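Anchor point for the sequence shown: position 12 equals 6 in our numbering, and the numbering is continuous, going up by one each time. Even for Gly, the Cβ is constructed at its ideal location relative to N, Cα and C. Since the model is a prediction, treat every value here as computed from it, not as a measurement. So the structure is just underneath, and the comments pick up after that.
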Amino acid sequence: MKAIWNGKILVESDDTILVEGNHYFPIEALNQEYFDQSNTSTTCFWKGEANYYNIVVDGQVNRDGAWYYPSPKNAAK
């Protein structure tokens, strides 16, 4: 599985987890050069707090285009 935006491979891995239609990739699979930490965070009642990345490719920004759960709740593990 891979995620591509603006012609660049953002992340690629055969080891994703599918939750509610979203593929979650292992953090080490990210091409970090395209991900800038965002100040945005949200809370899911069963997954926990999500933090976001802005995706930046060739000067174009996809604000909050990727998210992750640094400490997922037990129900989401």
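The beta strand (DSSP E) enclosing residue i, as first and last residue numbers
| i | result |
| --- | --- |
| T34 | 29 to 38 |
| K(-4) | -4 to -1 |
| N16 | 16 to 18 |
Beta-bridge partners of residue i, as assigned by DSSP
| i | result |
| --- | --- |
| L24 | V5 |
| A44 | T36 |
| Y63 | DSSP lists no partner for Y63. |
| N56 | I49 |
Residues near residue i by beta carbon distance below 6 Å, same chain, minus five either side
| i | result |
| --- | --- |
| A69 | W40 |
| T34 | Y46, D58 |
| K(-4) | I3, E6 |
Sequence-distant residues of its chain with Cβ nearer than 7 Å to residue i (five each side left out)
| i | result |
| --- | --- |
| D52 | N0 |
| F29 | Y47, I49, A60 |
8 Å Cβ shell around residue i - same chain, five flanking residues per side excluded
| i | result |
| --- | --- |
| P64 | E43, N45 |
| I(-2) | L4 |
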